[in-house]
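Visitor: With my numbering applied, the sequence shown covers 11 to 406.
Input: one structure, supplied below.
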Amino acid sequence: MTGATSARPLRIAIIAGEASGDHLGGPLMRELAMRLDGDVDFLGIGGTEMTAAGLTSIFPMSDIVVMGPLAILRRLPALRRRIVQAAEALVAWSPDVTVIIDCPEFSHRVASRLRARDPGLPIVDYVAPTVWAWRPWRAKSMRRYVDEVMAVLPFEPEVFARLGGPRCRYVGHSAGERPPADPKAVARLREQASAHGPVLVAMPGSRGNEITRLMTPFGEAVARLAALAPSLGVIMPVLPHTRPVIEEATAGWPVTPVFVTEETGRHAAMAAGDAAIVASGTATLEMALAGTPMVVGYRMEAISAVILRPLVSVQSMVLANLVHGSNAIPELFQNNCTGKKLADAVWPLLNDTPQRSAQMEALADIGARVRATGKPPSAAAADIVLQAAGRRKLLP
Numbered sequence: 011m012t013g014a015t016s017a018r019p020l021r022i023a024i025i026a027g028e029a030s031g032d033h034l035g036g037p038l039m040r041e042l043a044m045r046l047d048g049d050v051d052f053l054g055i056g057g058t059e060m061t062a063a064g065l066t067s068i069f070p071m072s073d074i075v076v077m078g079p080l081a082i083l084r085r086l087p088a089l090r091r092r093i094v095q096a097a098e099a100l101v102a103w104s105p106d107v108t109v110i111i112d113c114p115e116f117s118h119r120v121a122s123r124l125r126a127r128d129p130g131l132p133i134v135d136y137v138a139p140t141v142w143a144w145r146p147w148r149a150k151s152m153r154r155y156v157d158e159v160m161a162v163l164p165f166e167p168e169v170f171a172r173l174g175g176p177r178c179r180y181v182g183h184s185a186g187e188r189p190p191a192d193p194k195a196v197a198r199l200r201e202q203a204s205a206h207g208p209v210l211v212a213m214p215g216s217r218g219n220e221i222t223r224l225m226t227p228f229g230e231a232v233a234r235l236a237a238l239a240p241s242l243g244v245i246m247p248v249l250p251h252t253r254p255v256i257e258e259a260t261a262g263w264p265v266t267p268v269f270v271t272e273e274t275g276r277h278a279a280m281a282a283g284d285a286a287i288v289a290s291g292t293a294t295l296e297m298a299l300a301g302t303p304m305v306v307g308y309r310m311e312a313i314s315a316v317i318l319r320p321l322v323s324v325q326s327m328v329l330a331n332l333v334h335g336s337n338a339i340p341e342l343f344q345n346n347c348t349g350k351k352l353a354d355a356v357w358p359l360l361n362d363t364p365q366r367s368a369q370m371e372a373l374a375d376i377g378a379r380v381r382a383t384g385k386p387p388s389a390a391a392a393d394i395v396l397q398a399a400g401r402r403k404l405l406p
């Protein structure tokens, strides 16, 4: 195969396997298209954001969205077929560089096949797999099919260097490039939620199964907090497709939440709370950057928890805690994620207490670390992708 020539646009293969990857891929593609004056083609797998940015998707991203080891095992035959389909389509297209975004169960297998078929193809991984949490041997094995990793957490380059993985550079987290929340929007939301009492933000996740498991303990926590503070207000930033199920689940709550579905209002909603209860995931980092103290809860299938527990090698599963290097943010997992324990942990954060002050200091430090690059993540990532494509073009 040969690289790009002046006769055709630059060809960039790009693969995302879930919504969070689609959210990263869209801005990266727009940045690349701007740098190249539109002289670029994109082929791969993505969702609505990447499609809007110009991606031709080989098949719908929804075909490969899976969560948890059991779900992966159940879908393995179908996933294998899609892995082969994606790899064959990209080999036939002959890209100048390939970007894989998160979803390692799928994207890394596609990348491995691409490298076997075309050893000179540059492959860049956007979002490092969690080798710092479990299966650390993956870092070294990635050297066979990944040339560079673009990390979204500031501690990951050191981890990859220590574990013998491919070159890894921190490009920043997308949550860190958002401007501060509009104070007027924050004030409006607080007024809507509660004119006089404390305001709690509740975020039970974005996937159907995690929402189902968390709505009961979250609802019990709200009931307990409302008994302590009758004027309590609740704000829930939700996605349009999750709002119906969440709205139905909150019908029996003693407090009627204020729902925020617009992406532009999400940051204001997070900043409007005095404290929050949040599902483990990227939302914990977003909440930290909004400056709202929180308690993190999570439940997964019992058998998935049994499988994962002996493999996990970190003391915290909360992204914000990992960035800070401490357990500043309380986390309640599996059987510990109960309404009583959530309420007991978040109540001091709703009030002027030493616990609240200590967490607020930690959140400020997390914000400084995440924003340390001084450049939007999509711009830093585009630099690396274009450098990789340039190396390809030098090949005979």
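Cβ coordinates follow ideal geometry from the N, Cα and C atoms, glycine included.
Only a predicted model underlies this, so the values are computations on that prediction, with no experimental measurement involved.
1) Quick check: what's the CA-CA separation for PRO386 versus HIS33?
2) Taking the straight line between their C-alpha atoms, what separation do you get for TRP144 and ALA233?
3) Within its chain, find whatever has a CB closer than 8 Å to the CB of ARG40; leave out the 5 residues flanking it on each side and keep chain order.
4) Compute the beta-carbon to beta-carbon distance between ALA286 and LEU352, rounded to the nearest angstrom, for a pair I have assumed lies under 8 Å.
5) Run through the DSSP bridge pairs and tell me what ALA398 is partnered with.
6) Can you tell me whether ASP49 is buried or exposed? The criterion is at least 16 other CB atoms within 10 Å of its CB, across all chains shown.
7) Spell out the partners DSSP gives GLU425 in its beta bridges.
8) The alpha helix (DSSP H) spanning GLU1 covers which residue range?
9) What first and last residue would you give for the alpha helix (DSSP H) that runs through ALA285?
10) Smallest Cα separation from GLU166: which of VAL141, ARG21, GLN202?
11) Does DSSP classify MET225 as helix, strand or coil?
12) Indicate the three-state DSSP secondary structure (helix, strand or coil) for VAL328 in the structure shown.
13) With distances taken Cα to Cα, identify the nearest neighbour of ALA7 among HIS251, SER367, VAL265, THR226.
14) Could you check the C-alpha separation between TRP147 and LEU235 for me, to the nearest Å?
15) May I have the straight-line CA-CA distance separating TRP357 from SER241, to the nearest angstrom?
16) Could you give the C-beta distance for GLU107 and PRO132, rounded to a whole number, given that I count them as a contact under 8 Å?
17) Between which two residues does the beta strand (DSSP E) holding VAL169 run?
18) Identify which residue in ARG401, ALA398, GLU341, ALA391 has its Cα closest to the Cα of MET160.
19) According to the neighbour-count rule (16 or more other Cβ atoms, all chains shown, within 10 Å of its Cβ), is VAL316 buried or exposed?
20) Buried or exposed for MET44, please, with buried defined as at least 16 other CB atoms from any protein chain shown within 10 angstroms of its CB.
21) Assuming PRO227 and ALA289 form a contact by the criterion Cβ under 8 Å, report the distance between their Cβ atoms to the nearest whole angstrom.
22) CB PRO208 to CB ASP284, shorter than 8 Å?
23) If ILE24 sits next to GLY56, beta carbons under 8 Å apart, how far is it from one beta carbon to the other, in whole angstroms?
24) Opposite PHE269 in the DSSP bridges: which residues?
25) Can you tell me which of MET60, LEU332, GLY31, THR58 puts its alpha carbon nearest to the alpha carbon of ASP375?
26) Is the region 240-257 touching the region 334-348 in the sense that three or more CB pairs, one from each, lie closer than 8 Å?
27) Are the CB atoms of ARG381 and HIS277 within a distance shorter than 8 Å?
28) Kindly list the residues whose CB is nearer than 8 Å to the CB of PRO105, restricted to its own chain and excluding five residues on each side of it in sequence; keep chain order.
29) Per the DSSP calculation, VAL209 is bridged to which residue(s)?
30) In whole angstroms, what is the alpha-carbon distance linking LEU100 and LEU359?
31) If we call anything under 8 Å between Cβ atoms a contact, is LEU299 one with GLY182?
32) Do THR271 and GLY229 count as a contact pair if the criterion is CB distance below 8 Å?
33) Within 10 angstroms of the Cβ of THR294, are there 16 or more other Cβ atoms? Answer buried if so, exposed if not.
34) Helix, strand or coil for GLU341 per DSSP?
35) With DSSP as the reference, please indicate the residues paired to GLU371 in a beta bridge.
36) Using 10 angstroms around the beta-carbon of SER439, count the other beta-carbons present and answer buried if the total reaches 16, otherwise exposed.
Guide: On the basis of the data shown:
1) Each residue's Cα considered, the two are about 14 Å apart.
2) Each residue's alpha carbon lies about 36 Å from the other.
3) Take ARG40, set aside five residues on each side of it, and the residues of its chain with a beta-carbon closer than 8 Å to its own are ALA63, SER388, in chain order.
4) The beta carbons of ALA286 and LEU352 sit about 11 Å from each other, so the pair does not count as a contact at 8 Å.
5) DSSP output for ALA398 lists no bridge partner at all.
6) Exposed, since its Cβ has fewer than 16 Cβ neighbours within 10 Å.
7) No answer is possible for residue 425: the residues shown for the chain start at 11 and end at 406.
8) Examination of residue 1 is not possible in this model, given that the chain is present from 11 through 406 alone.
9) Per DSSP, ALA285 belongs to no alpha helix (DSSP H); it is in the beta strand (DSSP E), 285-289.
10) Comparing alpha-carbon positions, the option among VAL141, ARG21, GLN202 lying closest to GLU166 turns out to be VAL141.
11) The answer is helix: DSSP assigns MET225 an H, G or I state.
12) Residue state for VAL328 is assigned as coil, using DSSP reduced to three classes.
13) The displayed coordinates of the chain run from 11 to 406. Any statement about residue 7 would go beyond what the structure contains.
14) The C-alpha of LEU235 is placed about 44 Å away from the C-alpha of TRP147.
15) Taking the straight line from one Cα to the other gives about 14 Å.
16) The amino acid occupying residue 107 in the given sequence is Val; Glu does not appear at that position. Correct: roughly 5 Å between the Cβ atoms.
17) For VAL169, no beta strand (DSSP E) segment is defined; the enclosing uninterrupted segment is the alpha helix (DSSP H) at 166-173.
18) Nearest option by C-alpha distance: ALA391.
19) Low confidence applies to VAL316: its pLDDT is 44, below 50, so where it sits in the model is not reliable, and the reading given next is rough at best. Its Cβ having fewer than 16 others within 10 Å, VAL316 is exposed.
20) Taking all protein chains in view, the Cβ of MET44 is surrounded by fewer than 16 other Cβ atoms within 10 Å, so the residue is classified as exposed.
21) Not confirmed; about 11 Å, so no contact.
22) With respect to ASP284, PRO208 sits close: the two C-beta atoms are nearer than 8 Å.
23) Right, the Cβ-Cβ distance comes to about 7 Å (below 8 Å), so this counts as a contact.
24) Note: PHE269 sits in a beta bridge opposite MET246.
25) Between ASP375 and the set MET60, LEU332, GLY31, THR58, the nearest pair of CA atoms involves LEU332.
26) Cβ pair count under 8 Å is below three, so no.
27) HIS277 is not a Cβ neighbour of ARG381, given a cutoff of 8 Å.
28) Cβ neighbours of PRO105 beyond the five flanking positions: ARG21, ILE22, ALA23, LEU53, LEU131.
29) According to DSSP, VAL209 shares a beta bridge with GLY243.
30) Here the alpha carbons of LEU359 and LEU100 stand approximately 50 Å from one another.
31) With a cutoff of 8 Å on beta-carbon distance, LEU299 and GLY182 are scored as not near each other.
32) GLY229 is not a Cβ neighbour of THR271, given a cutoff of 8 Å.
33) So THR294 ends up on the buried side.
34) Of the three classes helix, strand and coil, the one that applies to GLU341 here is strand, per DSSP.
35) Paired residues: none, contrary to the question.
36) Residue 439 cannot be examined here, being either before or after the span of the chain that is shown, 11 to 406.
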